[in-house]
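Chemist:
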Amino acid sequence: EKLRLKYDEWDYNSTSPQTDAYKSWLKSHLVKGEPIVWFPVCKGDSTRCYPFTCPNGGSMDHVEPMYGIFSNHSLDDLTVYDDDVI
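Sequential numbering of the sequence shown, starting at -11, is according to our numbering.
Right, here's the structure in full:
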């Protein structure tokens, strides 16, 4: 907020399963040239970081940026296909 960046946070509290909705959300941003940064948690790894510095209540494993998508389909079509590649 202090950097005045615009952002859209995925609702990780949404109803499960979230896979299809999450992939569609990712694609909707990537086709507009909006990068995504996510903080996956790997089962069994330490997820500690500095207090108040991490999303998801402070649980994260590492940071991964996503900045492009390749598809054999029109990027106007936000349907996620098995051959779409981030």
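Here a beta-carbon is modelled for each residue, glycine too, at the ideal position from N, C-alpha and C.
These figures come from a predicted structure and were not determined experimentally.
For W13, which of helix, strand or coil comes out of DSSP?
Modeler: Of the three classes helix, strand and coil, the one that applies to W13 here is helix, per DSSP.
Chemist: For S16, which option in L(-9), T3, G32 and G56 has the closest C-alpha, if you only look at C-alpha atoms?
Modeler: Taking each of L(-9), T3, G32 and G56 in turn and checking the Cα distance to S16, the smallest one comes out for G56.
Chemist: Since I believe V29 is in contact with P53 (beta carbons under 8 Å), could you give me their beta-carbon distance rounded to a whole number of angstroms?
Modeler: Rounded, the Cβ-Cβ distance is 17 Å, inconsistent with contact.
Chemist: Output needed for L66: all residues of its chain with C-beta closer than 8 Å, excluding positions within five of it in sequence on either side, in chain order.
Modeler: S12, K15, S16 and V19
Chemist: Starting from the C-beta of S62, find all residues in its chain whose C-beta is less than 7 Å away, skip the five residues before and the five after it, and write them out in chain order.
Modeler: none
Chemist: Using only alpha-carbon positions, find the residue among E22, V73, G21 and Y69 that is nearest to F58.
Modeler: For the residues E22, V73, G21 and Y69, the minimum Cα distance to F58 belongs to V73.
Chemist: Among P23, G21, E22 and H50, which one has its Cα closest to the Cα of K31?
Modeler: H50
Chemist: Short check: CB of V68 to CB of D(-4), under 8 Å?
Modeler: no
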